[in-house]
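In our numbering, the protein residues as written are 185 to 685. Yeah, the Cβ is synthetic: ideal placement off N, Cα and C, and Gly gets one too. To start, the structure itself, in structure tokens.
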Amino acid sequence: MAEHYGIAPVQTFRTDSAIAKSRSTVRENGYVHQYYMPAARPAPTLAGHLTFALKHEDIHLEFLARLFEVVPVGELEAWIAAEPTGQYARRAGFFYEFLTERTLSFSGVAAGNYVAALDGDRYLTAREAINNPRWRVRDNLPGTHEYCPIVLRSDHVRQAEQYDCARHLADLEAEFGADVLLRSVVWLTIKESRASFAIEHEEQHIDRVKRFAAVMERCCGQFEEPLSMDTLSELQRQILGPRATRYGVRRSPVFVGEVDGFTEVVHYIAPHWDHAPALLDGLTAFAERTAGASPVVRAAVLSFGFVYIHPMADGNGRISRFLVNDVLRRDKAIPAPFILPVSATITSTVVNRHGYDHVLELFSRPLLRKYADCWRFGAEQVAEDGVRYNLQFDAYEDALPAWRYPDMTNHVEYLADVVQLTIEQEMRKEAGYLRNLRAAREQVKHVIEGPDSDIDRIIRAVRENAWSISNKLRKEFPALEDEVLAARVAEAIRSVLDTSS
């Protein structure tokens, strides 16, 4: 159909089919190649191929949206008239009207069983379907015409759906104690804030780090409508502080890339500013329609969906990472006051950071590849919001189906891994460190007396100086001039904190 009608979707087909000598299925990296014997070849018609696609292949809403813009409507109507009770003809008609918001010449289905728009065993669906009596189709799509992400329930996604964040946190509490775990919350919140800025290469701005940490602690799960424009504007103001140059919804182009006078590299172009509010409304509808589904799945779609829409003038990345913890808190997957330092996990290793960039590029790279000849830098202009820009992009309308109907399967799988690593490794490591720090403090106090702040200062200094007392530390704490005493202090610290010994 893509070849016949001249359609080139941005996003790859997860399943493709071909005729071969024998029936077989090849799965690789989340994609499926199906091979059928010649007898399975569909009739060379729109009805034949669309029936085969709906029956044997995955739903690709971007492709269907593009198909229905170019297919002769008479062909579709003739098929539906010939098979008015056929489930594939009915689903095709339903998808046509859902995606185009145009009405076909069809009187409606008079009787028969309802069929689901999406197979709930294969896809993330709305928790409550809405019956469409015209087509006798249960509309269980997780979004709206304006924005409807698709999540294939792969084995990896099913594992994410079953992951019980609260239970694993309870296991940590049982192992380390509630006091140690709660004491780690303060540091983990700061760590999450610093790492969030590290993703944007701005982790040295201490005031901004503290401000974002305070917002995370104060606001996660608190807003009644987290994606409303009023809430987002308030959240943006709290995150950016009082001295930002831009607030509110953008009214200008935005891209991710580098332009320094010598090179012009564009990694991603966000939707047109006129489309952003409707896309955001659709993302809100997704949040409402999937309420009660897996918190990890919802957090991934809302966070990555927001960053692709990029609706705000500034602070989009931080808001998208705020949304991860906001959804987990709102869905009661993570009890207050815990903050999962997912950004810290993302930035903890080169591999993890590459994974974050890679999952973003699964959408951005094919988008830019398809529209490589549609963007350029030209004369500077002033947008409605006062932003000066010189990016020209000619394909906002043509790219809209890709922005509206993203495949978020890989994004869910990625965030699920990050959440699991965060709880089972990052938080365990932090709790273990605090427990050992407390034990080291007690050991040192058997040797010398002092307030916790002084003892902690000595512990950090000894640890950073290869388990020995530096001359600087001796000058700061004269009691450590005693060689025997200093050696006992160093050994007390090393015996608890040196995991290599």
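Collapsing the DSSP output to three states places Ser208 in a strand. The beta carbon of Val480 is closer than 8 Å to those of Ala344, Glu345, Tyr347, Cys349, Leu512, Ala517, Val596, Leu599, Ala600 and Val603 in its chain, skipping five residues each way along the sequence. Within the same chain, Tyr189 come within 6 Å of Val254 by CB-CB distance, once the 5 residues on both sides are set aside. Rounded to the nearest whole angstrom, the CA to CA distance from Leu416 to Thr531 is 25 Å.
Apart from sequence neighbours up to five positions away, the residues of its chain that approach Ala469 with a beta-carbon distance below 8 Å are Gly327, Thr328, Glu330 and Tyr331, ordered along the chain. Selection Arg322, Ala358, Thr196 and Ile607 evaluated against Ile523 yields Ile607 as nearest (Cα-Cα).
The distance from the Cβ of Tyr220 to that of Ser201 is about 6 Å, consistent with a contact at the 8 Å cut-off.
In the three-state scheme derived from DSSP, where H, G and I count as helix and E and B as strand, Arg560 is classed as strand.
Within 10 angstroms of the beta-carbon of Gln195 lie 16 or more other beta-carbons, which makes it buried.
Its Cα nearest to that of Ala266, the residue Gly292 stands out among Phe252, Gly292, Leu681 and Glu241.
As for any alpha helix (DSSP H) of minimum length 4 sitting wholly inside the segment 194-275, the runs are 230-240, 245-254 and 257-266, ordered along the chain. Shown here, Arg625 sits in a helix according to DSSP, grouped into three states. For Arg322, the uninterrupted beta strand (DSSP E) run begins and ends at Val321 to Asp323, by DSSP. The beta carbon of Asp591 sits closer than 6 Å to those of Gln195 and Ile334, all from its chain and outside the five residues before and after it, given in chain order. Residue pairing by DSSP puts Asn316 in a beta bridge opposite Val321.
Comparing alpha-carbon positions, the option among Ala231, Arg275, Glu285 and Thr284 lying closest to Ala262 turns out to be Ala231.
Glu246 and Gly432 have their C-alpha atoms some 29 Å from each other. For Gln576, no alpha helix (DSSP H) run applies; the uninterrupted beta strand (DSSP E) run containing it begins and ends at Arg572 to Phe577, by DSSP.
The beta carbon of Leu486 lies closer than 7 Å to those of Leu467, Ala471, Leu507 and Val511 in the same chain, with the five residues before and after it left out. Per DSSP, Gly441 lies in no alpha helix (DSSP H) segment; the continuous beta strand (DSSP E) that holds it begins and ends at Phe439 to Val443. Residue range Ala460 to Arg473 is occupied by the alpha helix (DSSP H) that includes Glu472.
When C-alpha distances from Arg274 are compared across Asp305, Arg322 and Thr429, the shortest belongs to Arg322. For Tyr189, there is no enclosing beta strand (DSSP E); the enclosing alpha helix (DSSP H) has its first and last residue at Ala186 to Tyr189. The residue among Leu621, Thr199 and Arg537 with its C-alpha nearest the C-alpha of Leu336 is Thr199.
In its chain, beyond the 5 residues on either side, Leu365 have a beta carbon closer than 7 Å to the beta carbon of Glu357. In chain order, Val194, Gln195 and Thr196 place their CB closer than 8 Å to the CB of Pro550, counting only its own chain and leaving out the 5 sequence neighbours on each side. Taking every protein chain shown into account, the CB of Val566 has fewer than 16 other CB atoms within 10 angstroms, so this residue is exposed.
Between the alpha carbons of Tyr280 and Asn324 lies a gap of roughly 15 Å. When the Cα atoms are used, Thr529 and Asn536 turn out to be separated by approximately 7 Å. In this structure the segment 299-316 does not lie against the segment 226-240, because fewer than three pairs of beta carbons, one per stretch, are closer than 8 Å. Taken in chain order, the unbroken stretches of alpha helix (DSSP H) that lie wholly in the segment 592-622 and span 4 residues or more are 593-605.
Between the beta-carbon of Arg588 and that of Leu463 there is about 7 Å, and that keeps the pair under the 8 Å contact cut. If you look at Glu648, you'll find it in the alpha helix (DSSP H) that goes Asp636 to Glu648. In its chain, beyond the 5 residues on either side, Asn620, Ala623, Ala624 and Gln627 have a beta carbon closer than 7 Å to the beta carbon of Val680. Taking C-beta atoms under 8 Å as the contact rule, Pro585 and Ala249 qualify, at a distance of about 4 Å. CA-CA distance, Ser654 to Glu660, rounds to 10 Å.
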